[in-house]
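S.K.: The structure that follows is given in the form of structure tokens.
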Amino acid sequence: MDFINYDLKNLTVKELSELISHHNDVYWNQGTQEINDADYDMLMRRLKELAPEHPLLEKIGTPAVAALGKVGHAVPLLSLDKAYSLDEVLEWARKYARSDEELLLVEPKYDGISANFENGILATRGDGFTGENISDKISLIELEKKDYTGALSGSARGEILMRNDRFERFRNNIQAKGGSKYKNSRNVLTGLMTLKESKDIQQVKFVMERCDAFLSMVDYELHSEAVLLKDLASEWESLLAEFEKLPYPMDGIVIKIADKKYRDELGNTAHHPRGEIAYKFQNAKKTSIISDVQWSFGKNCLTPVAEIEPVELNGITIRHATLHNIQNIIDRDIQIGDTVVVERAGDVIPYIASSEPGIFRRSALIEKCPCCDSLLVRQGPEICCVNPDCFETKLQRLLASVKSIGIEELGEPTLRMIMSVFNIRSLDMLFNLKKEDFLKLPGFQNLSASNLFSEIQNARKIDDYQLLAALNVAHIGPNIAKLILREYTFEELEVIDEEKLSSIKGIGPERAAALIQAMKDEKELLAALRDILQVRTSKGVADKATVCFTGKMPEKRSYYEKLARERGFRAVDSV
1 MDFINYDLKN
11 LTVKELSELI
21 SHHNDVYWNQ
31 GTQEINDADY
41 DMLMRRLKEL
51 APEHPLLEKI
61 GTPAVAALGK
71 VGHAVPLLSL
81 DKAYSLDEVL
91 EWARKYARSD
101 EELLLVEPKY
111 DGISANFENG
121 ILATRGDGFT
131 GENISDKISL
141 IELEKKDYTG
151 ALSGSARGEI
161 LMRNDRFERF
171 RNNIQAKGGS
181 KYKNSRNVLT
191 GLMTLKESKD
201 IQQVKFVMER
211 CDAFLSMVDY
221 ELHSEAVLLK
231 DLASEWESLL
241 AEFEKLPYPM
251 DGIVIKIADK
261 KYRDELGNTA
271 HHPRGEIAYK
281 FQNAKKTSII
291 SDVQWSFGKN
301 CLTPVAEIEP
311 VELNGITIRH
321 ATLHNIQNII
331 DRDIQIGDTV
341 VVERAGDVIP
351 YIASSEPGIF
361 RRSALIEKCP
371 CCDSLLVRQG
381 PEICCVNPDC
391 FETKLQRLLA
401 SVKSIGIEEL
411 GEPTLRMIMS
421 VFNIRSLDML
431 FNLKKEDFLK
441 LPGFQNLSAS
451 NLFSEIQNAR
461 KIDDYQLLAA
471 LNVAHIGPNI
481 AKLILREYTF
491 EELEVIDEEK
501 LSSIKGIGPE
511 RAAALIQAMK
521 DEKELLAALR
531 DILQVRTSKG
541 VADKATVCFT
551 GKMPEKRSYY
561 EKLARERGFR
571 AVDSV
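Residue numbering for the sequence shown follows my numbering, starting at 1 and increasing by one per position.
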């Protein structure tokens, strides 16, 4: 049968088992995949619906490795039962928890190779009871556990993987057999685990000595958050958000009963322990083709956005995907006409997860600004238009300034009209507009003109760090601006030297030099704004009580932060 194209609803049990067996072989033995995890999980769930006792449902997947022999596990390394929604997680928890006060542990589910290190022997999970001895790979692996990072020592159970940050940093240092580059961190992991010859391992060690250890074994208990069952639903989104910040490849999270004695008493099935469960991320992935690349303007650089042949992800038709920056395009050799895998996790902007060269390709790179035709300039991984009169650059910088001082309702389309109709080019000019001016804008009536005029006028009272952030100095947002203005006033910043400014914790020479230059370049604008605005000074003011707004609210967060500041509180982004 066709292992790529099929109608899930019409598959028989035999066809499902053939599909699953095929994809198990491709994933575990060949170190690649033809379908994404979400589609594979759909096959498994459908098989469970039709044949709940099918042996494939109990089979523990294990990667192909070059091993020194077999190793028996004193304590089995079983797989985990899976859930695909919060409701399924809660259903499991209520089945085994003794009360709503049951303490649960929430941990990352790493996308690597499960392993055990004991008595100097490193072994994979295997079938859960007997694993493969891969101790010859120990020198390639760094152990990460609580209060320790270094060579494998002691004992640990965890996941062997290649960290995301390490893959991005060293992806060009190591090649697959035949000289080709690895496409992702899992391919590197699979490649290194299948090395048989000592000379091949020594070659990797030689490269490693010039950079870092390539692989990590992350102890399962390294990153663990405790939460009561009664609070799990309310804290679910924030827990997911925290784990997403970790530098590891993950395909879900693990939830387990914190009381180990009770968890062990719950026992195991042949496949999984009852006292823990894995929630699988349902990142939607689809294959498409890049038809064009557009360059969108930001306040300091241009961002490439791929136009792709439409695909549906999570019920939404996707026509665009971010390419991040010009360096990403160059490093991954992405061109128009390439076949790409587009991924979308939750409400995150779709992005290109991987790509394959198309038959007909053309470069997506540009040399001149799409707006003003000026030559573009590389600044690190970004490409920028440095023409001070470029309309699109001015628009994005003014838009960022508007947001920094709290005018949330003035969006890009309206600001574009204001700049075009009234020739507004800087923040101070915006405050000179009257309500009658807004009535001249297309689509504006009396109420909408009054509301926008009032919001702009309300922004005349701001904190000094908001004004500093509104200068759009690279890497100086509101939080960094607060650090600076607690130490020095605007008047002092006008005459400060770079060494003194860079001594502030968190600033450094690069930010200091950029700010000093901006203070010179924007001297007239700053003077005009300080005449127009009522700016509250931060230096010498005792720390106010802090308040942090999070979660879903009827109004935007900035609305509540403004109310808090007006009542003497200090609004912060995080606790």
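In this text, a Cβ means the ideal position worked out from N, Cα and C, and glycines have one as well.
Just mark C372 as buried or exposed, buried being the case when its beta carbon has 16 or more other beta carbons within 10 Å.
M.R.: Exposed is the call here.
S.K.: Based on Cα-Cα distance, which residue from A74, T190, F214 lies nearest to R157?
M.R.: Cα-wise, what sits closest to R157 is A74.
S.K.: Could you check if C548 is buried or exposed, using at least 16 other CB atoms within 10 Å of its CB as the buried criterion?
M.R.: Result: exposed.
S.K.: By Cβ distance below 7 Å, which residues in the same chain neighbour R486 in space, the five residues on each side in sequence not counted?
M.R.: Within the same chain, R486 has close Cβ partners S538, K539.
S.K.: Below 9 Å between beta carbons: does that hold for E412 and L433?
M.R.: Not in contact: E412 and L433 (Cβ atoms no closer than 9 Å).
S.K.: With 16 other CB atoms within 10 Å as the buried threshold, where does G508 fall?
M.R.: With fewer than 16 Cβ atoms within 10 Å of its Cβ, G508 is classed as exposed.
S.K.: Skipping 5 residues on each side, what residues in its chain have a beta carbon closer than 7 Å to that of L80?
M.R.: The residues are V254, H272, E276, I277, A278.
S.K.: Thinking C-alpha only, which one of L232, N187, M162, R263 is nearest L246?
M.R.: Among L232, N187, M162, R263, the Cα nearest to that of L246 belongs to M162.
S.K.: Looking at the unbroken alpha helix (DSSP H) that takes in S420, where does it start and where does it end?
M.R.: Element bounds for S420: 412-422.
S.K.: Please report the straight-line C-alpha distance between D437 and N446, rounded to a whole angstrom.
M.R.: If you take the alpha carbons of D437 and N446, they lie about 11 Å apart.
S.K.: Under a Cβ-count criterion, where at least 16 other Cβ atoms within 10 Å of its own Cβ denotes burial, should K520 be classed as buried or exposed?
M.R.: It is exposed - the Cβ of K520 has fewer than 16 other Cβ atoms within 10 Å.
S.K.: Which residues bound the alpha helix (DSSP H) around F484?
M.R.: Per the sequence presented here, residue 484 reads as Ile, with Phe not at that position. Segment 478-485, the alpha helix (DSSP H) holding I484.
S.K.: Check whether the region 411-425 and the region 372-385 touch, using three or more Cβ-Cβ pairs below 8 Å as the test.
M.R.: Judged by Cβ distances under 8 Å, the region 411-425 makes no contact with the region 372-385, as fewer than three pairs qualify.
S.K.: Once you ignore the five residues that flank D219 on each side, which residues in its own chain have a CB closer than 6 Å to its CB?
M.R.: K145, A156, G158, listed in sequence order.
S.K.: For the beta strand (DSSP E) holding K461, just list the boundary residues, first then last.
M.R.: Per DSSP, K461 belongs to the beta strand (DSSP E) from 461-463.
S.K.: Pull up the distance between the alpha-carbon of F117 and that of A123, whole angstroms please.
M.R.: Distance between the alpha carbons of F117 and A123: 6 Å.
S.K.: Whose CA, out of E494, L240, F243, lies closest to the CA of A514?
M.R.: Nearest of E494, L240, F243 to A514, Cα basis: E494.
S.K.: For the beta strand (DSSP E) that contains K109, what are its first and last residues?
M.R.: 103-110 is the extent of the beta strand (DSSP E) around K109.
S.K.: What residue does the alpha helix (DSSP H) around M217 start on, and which one ends it?
M.R.: Counting along the chain, M217 falls outside any alpha helix (DSSP H), though it belongs to the beta strand (DSSP E) covering 215-219.
S.K.: When DSSP builds the beta bridges, which residues end up paired with E492?
M.R.: Per DSSP, none; premise fails for E492.
S.K.: For R332, which three-state DSSP category applies?
M.R.: Of the three classes helix, strand and coil, the one that applies to R332 here is helix, per DSSP.
S.K.: Leaving out five residues before and five after R274 in sequence, what residues of the same chain have Cβ atoms less than 7 Å from its Cβ?
M.R.: Excluding positions up to five away in sequence, the list reads Y96, L266, G267, N268.
S.K.: Which residues does DSSP pair with L143 in a beta bridge?
M.R.: In DSSP, L143 forms a bridge with G150, M217.
S.K.: Tell me, which residues are paired with V311 by DSSP?
M.R.: Answer is I318.
S.K.: Inspect the beta-carbon positions of L152 and M193 and report whether they are closer than 9 Å.
M.R.: No, the pair does not count as a contact, with Cβ atoms beyond the cut-off.
S.K.: Give me the DSSP bridge partner(s) of A278.
M.R.: For A278, which the question treats as bridged, DSSP gives the partners K82, V254.
S.K.: Counting only the same chain and skipping the five closest in sequence on each side, list residues whose C-beta sits under 7 Å from that of E522.
M.R.: Once the five neighbours on either side are set aside, the close Cβ partners of E522 are L471.
S.K.: Following the continuous alpha helix (DSSP H) through S190, name the residue where it begins and the one where it ends.
M.R.: Checking the sequence shown, residue 190 turns out to be Thr, not Ser. Here the alpha helix (DSSP H) through T190 covers 185-193.
S.K.: Comparing alpha-carbon positions, which option in N184, I257, G128, S288 lies nearest L77?
M.R.: Residue G128 is the option with its Cα nearest to L77.
S.K.: Straight-line CA distance for N133 to A115?
M.R.: Roughly 10 Å between the two C-alpha positions.
S.K.: Tell me which same chain residues have a C-beta within less than 8 Å of the C-beta of H54, skipping the five on either side of it?
M.R.: Within the same chain, H54 has close Cβ partners V13, S17, L47, K48.
S.K.: Ignore the nearest five residues each way along the sequence and tell me which others in F431's own chain have a CB closer than 6 Å to its CB.
M.R.: Excluding positions up to five away in sequence, the list reads I532.
S.K.: Give the single residue among A306, P350, I318 whose Cα lies nearest to the Cα of I329.
M.R.: It is A306.
S.K.: Which residues in the same chain have their Cβ closer than 7 Å to the Cβ of A564, if we skip the five residues on either side of it in sequence?
M.R.: So the list reads V547, A571, once near-sequence residues are dropped.
S.K.: Provide the residue(s) that pair with S355 in DSSP beta bridges, ordered along the chain.
M.R.: In the DSSP output, where bridge partners are listed per residue, S355 has V340.
S.K.: Strictly by DSSP, which residues pair up with E118?
M.R.: The partner list for E118 (beta bridge, DSSP) reads I121.
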